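Numbered per our numbering, the sequence shown spans residues -8 to 393. We put the CB at the ideal spot given by N, CA and C, even for glycine. Here the structure is a predicted model, which means the values were calculated and not measured. To start, the structure itself, in structure tokens.
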Amino acid sequence: MSFRLACYRCNERWGAEAPLYRCPKCEGRLSFEYSAASSDVPADGGRMWEYRALLPVMHPERAVTLGEGGTPFLPAPKLAGWLGVDRLFLKDETRNPTGTYKDRPASLAVTRALELNAPGIVVASDGNTGPATAAYSARAGLRCVLLMPGATPPFRYRQAQAFGASVALVSGTVNDCIDRAAEIAEAAGYHHTTTATIHNPYQMEAAKTIAWEMVSAWDGEAPDWVAVPVGGGGLLAGIWRGFREAMDLGRIRKAPRLLAVQAEGCAPLVTAFRDGTAISVWGAPSTVALTIGVPYPLDGDLVLQALEESDGSAVAVTDSSLTLVTRRLAELEGVLAEPTGAASVAGVLEARRQGLVEETAAVIAVITGTGMKTIELFGADGALKALPNRREAILEWLEAIR
């Protein structure tokens, strides 16, 4: 496939075979330029690697894949009524192989690692990137080293251990882990798959396929709004890149407005957007949405740019709202999400409350991760009942719950 690397800052260019992660000239963030035409991109959707003409690998036929992408696009009329919007659709990324959208960037990053002959993979993660990278590293036969914050609960790293990753808990935040992972990459030559474009420019290219799949599902048009949870910022930035490509290639006439959603307990980007200031480091993240509790979003500048270009907005949501919406999403539409994954829907609820999203709007909420990773949140208080093994007792209980 034909692509080249390009520096955002100094506009330097390199060929596809260059083993680069950031600009060697100015240390700037890298992006990619493609020679693809509209006819090279499928019109009827499909899995992620069907968009190979817009992915930065030299040999997509050798992709390391577990069947990522092609996730369901679900109408959610009952939830729409509860939120107070005309139409709501769910882009259900919980259906990816390890349960989150992070399988997309993991597939692309590990594929590229093989092309660059990397001896192993190193990744920093606060929850979902690590297990996804570990799974694809196992598929590729590459060693995976995973660094996670010291306070990470066991359920967040056991999945990665099951895939054979070497896991270390590092004192500090996920941003500290990212710094240490970058040092390992430099010292050992490992491919750095952390989903921050300054360290791994490939991840955003995978995330943009979510936008392309939404364009396909929307029959070549776009909704009024797309709501996206934001931690480090790469997902929203990647989705915006996908919509811009779709416009550039003539697939859509206009792009949707983007809604960035963070938790109130860690909202550095929302604060910067609201106050019109630079992004500052958040002190001590405290939220049930663990995987978006990122003190400093390394791709936050790209998010703010996307919000400006799309005439979008940003909102912060409370933990009580996240918990409520997570339950409503499961009870009303049958989609089991972790609180981070349901943050997009909670953001729509908050945006309606603030009058940012109109009642007549058509909205897509990106559901980023499965609730199977936080299943303890779904215990229904008082709903479990012990019954004797008798027909009469069962029927009496059935009548009582009708």
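**OP:** Rounded to whole angstroms, what's the CA-CA distance from I189 to V252? Just pull it up for me.
**Re:** For the purposes of this step, residue 189 is taken as the residue at position 198 of the sequence shown. For the purposes of this step, residue 252 is taken as the residue at position 261 of the sequence shown. Approximately 22 Å, taken between the alpha carbons.
**OP:** Kindly indicate the opening and closing residues of the beta strand (DSSP E) around S22.
**Re:** By one-based count along the sequence shown, residue 22 stands at place 31. Element bounds for S22: L21 to Y25.
**OP:** Pull up the DSSP beta-bridge partners for R4, would you.
**Re:** Residue 4 sits at position 13 when you count from the first residue of the sequence shown. Paired residues: A(-3).
Original post:
If you draw a straight line from the alpha carbon of K364 to that of E390, how long is it in whole angstroms?
Top reply: Along the sequence shown, one-based indexing puts residue 364 at 373. Along the sequence shown, one-based indexing puts residue 390 at 399. Roughly 34 Å between the two C-alpha positions.
Original post:
Any idea if W388 is buried or exposed, counting beta-carbon neighbours within 10 angstroms, 16 or more meaning buried?
Top reply: Residue mapping note: residue 388 aligns to position 397 of the sequence shown, counting from 1. So W388 ends up on the exposed side.
Subject >> Per DSSP, cross-strand counterpart(s) of C135 >> reply: Here residue 135 refers to the residue found at position 144 of the sequence shown. Answer is I112, bridged to C135.
Original post:
How would you call I112, buried or exposed, if buried means at least 16 neighbouring beta carbons within 10 angstroms?
Top reply: As a first step, residue 112 is located in the sequence shown; it is residue number 121 there, counting from the start. Buried, because 16 or more other Cβ atoms sit within 10 Å of the Cβ of I112.
**OP:** Report the rounded CA-to-CA distance for F146 versus Q152, giving the unit in angstroms.
**Re:** The residue given as residue 146 occupies position 155 in the sequence shown. The residue given as residue 152 occupies position 161 in the sequence shown. A direct Cα-Cα distance of roughly 10 Å separates F146 from Q152.
**OP:** Report all residues from its chain with a CB closer than 7 Å to the CB of P276; omit the five preceding and five following residues, and keep chain order.
**Re:** The residue you call residue 276 lines up with position 285 of the sequence shown. The answer, listed in chain order, is G256, C257, G284 and P286.
**OP:** Identify whether C14 lies in helix, strand or coil by the three-state DSSP scheme.
**Re:** Locating residue 14 in the sequence shown gives position 23, counting from the first residue. Three-state result, C14: coil.
Original post:
Can you give the Cα-Cα distance for L240 and A28, rounded to whole angstroms?
Top reply: Within the sequence shown, the letter at position 249 stands for residue 240. Within the sequence shown, the letter at position 37 stands for residue 28. Each residue's alpha carbon lies about 7 Å from the other.
**OP:** Can you have a look at F234 and say buried or exposed, based on whether 16 or more other CB atoms are within 10 angstroms of its CB?
**Re:** For the purposes of this step, residue 234 is taken as residue 243 along the sequence shown, with counting starting at 1. By the 10 Å Cβ count, F234 comes out buried.
Original post:
Counting pairs of Cβ atoms below 8 Å between the stretch 47 to 64 and the stretch 113 to 130, do you hit three or more?
Top reply: yes
Original post:
What number of angstroms, rounded off, separates the C-alpha of D31 from the C-alpha of L375?
Top reply: Walking along the sequence shown from the start, residue 31 turns up at place 40. Walking along the sequence shown from the start, residue 375 turns up at place 384. When rounded, the distance between both Cα atoms is 54 Å.
Original post:
In this structure, what does DSSP give as the bridge partners for R248?
Top reply: Counted from its first residue, the sequence shown places residue 248 at position 257. Partner(s): W216.
Original post:
How big is the Cα-Cα spacing for E212 and E329?
Top reply: Position 221 of the sequence shown, counted from the start, is the residue given in the question as residue 212. Position 338 of the sequence shown, counted from the start, is the residue given in the question as residue 329. Each residue's alpha carbon lies about 29 Å from the other.
**OP:** Please state if the CB of S22 and the CB of L45 are separated by a distance shorter than 9 Å.
**Re:** The residue labelled residue 45 in the question sits at position 54 within the sequence shown. The residue labelled residue 22 in the question sits at position 31 within the sequence shown. Taking a C-beta distance under 9 Å as the contact criterion, L45 and S22 do not qualify as a contact pair.
Original post:
Helix, strand or coil: how does DSSP classify D290 here?
Top reply: Counting from one through the sequence shown, the residue named residue 290 turns up at place 299. The answer is coil: DSSP assigns D290 none of H, G, I, E or B.
Subject >> Neighbour-count burial assignment, D83, 16 or more Cβ in a 10 Å radius >> reply: Taking the first residue of the sequence shown as position 1, residue 83 is located at position 92. Classification of D83: buried, given that the 10 Å Cβ count is 16 or more.
Original post:
Hey, E196 and P47 are a contact pair by Cβ (cut 8 Å); roughly how many whole angstroms apart?
Top reply: Residue 196 sits at position 205 when you count from the first residue of the sequence shown. Residue 47 sits at position 56 when you count from the first residue of the sequence shown. Yes, they are in contact, since the Cβ atoms of E196 and P47 sit about 5 Å apart, within 8 Å.
Original post:
In the stretch 268 to 342, which residue ranges form an unbroken beta strand (DSSP E) of at least 3 residues, counting only runs that do not cross its ends?
Top reply: The beta strand (DSSP E) runs lying completely inside the stretch 268 to 342 and spanning 3 residues or more are 304 to 308, given in chain order.
**OP:** Taking L79 and A71 to be in contact with their CB atoms under 8 Å, please state how far apart those CB atoms are, rounded to whole angstroms.
**Re:** The count along the sequence shown starts at 1 and reaches residue 79 at position 88. The count along the sequence shown starts at 1 and reaches residue 71 at position 80. Contact flag correct, Cβ pair sits at about 4 Å.
Original post:
For R319 versus F369, is the C-beta spacing smaller than 9 Å?
Top reply: Translated into the one-based positions of the sequence shown, residue 319 becomes position 328. Translated into the one-based positions of the sequence shown, residue 369 becomes position 378. No. Outside cutoff.
Original post:
Rounded C-beta distance between R4 and E59? I'm assuming under 8 Å.
Top reply: What you label residue 4 is simply residue 13 of the sequence shown in a count that begins at 1. What you label residue 59 is simply residue 68 of the sequence shown in a count that begins at 1. Between E59 and R4 the Cβ distance is about 29 Å, and since that is not below 8 Å, they are no contact.
Subject >> Cβ neighbour criterion (16 or more within 10 Å) applied to V346 >> reply: Residue 346 sits at position 355 when you count from the first residue of the sequence shown. The sequence shown places Gly at residue 346, not Val. That one is exposed.
**OP:** Express the C-alpha separation of V114 and G163 in angstroms, rounding to a whole number.
**Re:** Here residue 163 corresponds to residue number 172 of the sequence shown, with the count starting at 1. Here residue 114 corresponds to residue number 123 of the sequence shown, with the count starting at 1. Computed Cα separation, rounded: 15 Å.
**OP:** Return the Cβ separation of T184 and I169 in integer angstroms, given the expectation that the two are a contact with Cβ distance under 8 Å.
**Re:** As a working mapping, residue 184 is identified with position 193 in the sequence shown. As a working mapping, residue 169 is identified with position 178 in the sequence shown. Contact doesn't hold; Cβ gap of about 11 Å is too wide.
Subject >> For G75, the residue or residues it bridges with in DSSP >> reply: For the purposes of this step, residue 75 is taken as residue 84 along the sequence shown, with counting starting at 1. In DSSP, G75 forms no bridge with anything.
Original post:
In or out: K16 buried (at least 16 other Cβ within 10 Å) or exposed?
Top reply: By 1-based counting over the sequence shown, the position of residue 16 is 25. Exposed, because fewer than 16 other Cβ atoms sit within 10 Å of the Cβ of K16.
Original post:
Is it true that the CB of A297 sits closer than 9 Å to the CB of A228?
Top reply: Walking along the sequence shown from the start, residue 228 turns up at place 237. Walking along the sequence shown from the start, residue 297 turns up at place 306. Cβ distance < 9 Å, so A228 and A297 count as in contact.
**OP:** Please classify K82: does DSSP put it in a helix, a strand, or coil?
**Re:** Taking the first residue of the sequence shown as position 1, residue 82 is located at position 91. Strand at K82.
**OP:** Below 6 Å CB to CB, which residues in the same chain sit around M39 once its five sequence neighbours on both sides are set aside?
**Re:** Against the sequence shown, residue 39 aligns to sequence position 48. Taken in chain order, the residues that qualify are E59, G60, R95 and T200.
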